[in-house]
Amino acid sequence: MSGITAEYTITLQNLLAAFEGESNAHAKYSAFAAKADEEGLQGVASLFRATARAEQIHLTNHAKVIGHLGARAECEIHPVKVKSTLENLKAALGGETYEIDTMYPGFLAEATERNHTEAVRTFTWALEAEKTHARLYTEAIALLEAGKTDSGSGSWLGDARDFYVCPVCGYTSEVPQEHERCPVCKLPWEKFEVIQ
Ligand SMILES: [Fe+2]
Ligand SMILES: [Fe+2]
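The numbering of the sequence shown is the numbering used here, which starts it at 91 and goes up by one.
Below, the structure is given as structure tokens:
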């Protein structure tokens, strides 16, 4: 880490850990999407493709800040354990919950204390977007556990559907025009990506 001042050492370590987490989440969700398609759960596949895209936005944002600190964003991608879609959803929710309750709040506290504003911003955006993922996974798990997979039972799990992803912060929603602007980063809604 030559060239990195001691002042930034911990923030940089945290950025690299977050980059690794997001990169592996992206790989996981992409594999989980393929599995959901295989199981005829096209709506869940759409959700995983949308969240995979959001994690890609997070890892790109983290990588930019890592670059500004003079380091390289590199990490190991672990082999993905693909199980049933219900188990995959639970694993995904577990990952999000760790990021929301533990990882990002800790990283944010450190970056805020040191007034590292770029790190604060990328951590805040990721934290807020992960909450939308946790909400959507929770809903999908409840429907799947209730055996509701087809549209006749009022479920969205069986049919491909649109999700709206903020290309700046990764905020994810199933509601068209949910807001005028992204509630996290204020990007106008018309700039959102539609992912199916
Ligand atoms: Fe996420
Ligand atoms: Fe946003």
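Ideal Cβ placement from N, Cα and C applies to all residues, glycine included.
{"Check": "Near ligand 1: H152 beta-carbon under 6 Å from a heavy atom", "Outcome": "no"}
{"Check": "Alpha helix (DSSP H) segments (min. 4 residues) lying fully within the stretch 155–188", "Outcome": "175–188"}
{"Check": "Ligand 2 heavy atom lying under 6 Å from the CB of V274", "Outcome": "yes"}
{"Check": "Cβ pair A144, G244 closer than 7 Å", "Outcome": "no"}
{"Check": "C-alpha gap between E203 and L102, whole angstroms", "Outcome": "14 Å"}
{"Check": "Simplified DSSP assignment, three categories, for T262", "Outcome": "strand"}
{"Check": "Any non-hydrogen atom of ligand 1 within 6 Å of T239 CB", "Outcome": "no"}
{"Check": "Per DSSP, cross-strand counterpart(s) of R271", "Outcome": "P278"}
{"Check": "Three-state class that DSSP yields for E128 in the structure shown", "Outcome": "helix"}
{"Check": "Contact test: L226 Cβ vs ligand 2 heavy atom, cutoff 6 Å", "Outcome": "no"}
{"Check": "Where N104 falls, given that 16 or more other Cβ within 10 Å makes a residue buried", "Outcome": "buried"}
{"Check": "heavy atom of ligand 2 below 6 Å from L277 C-beta", "Outcome": "yes"}
{"Check": "C-alpha distance - E129 paired with G184, whole-angstrom precision", "Outcome": "21 Å"}
{"Check": "W215 beta carbon less than 7 Å from that of C275", "Outcome": "yes"}
{"Check": "Neighbour-count burial assignment, S174, 16 or more Cβ in a 10 Å radius", "Outcome": "exposed"}
{"Check": "Cβ neighbours of M91 in the same chain (closer than 6 Å, five flanking residues each side left out)", "Outcome": "Any reading at M91 must be qualified, since the residue scores a pLDDT of 46, below 50, and its modelled position is unreliable; no value is offered."}
{"Check": "Paired residues, beta bridge with I285 - DSSP", "Outcome": "F253"}
{"Check": "Extent of the continuous alpha helix (DSSP H) to which L226 belongs", "Outcome": "207–235"}
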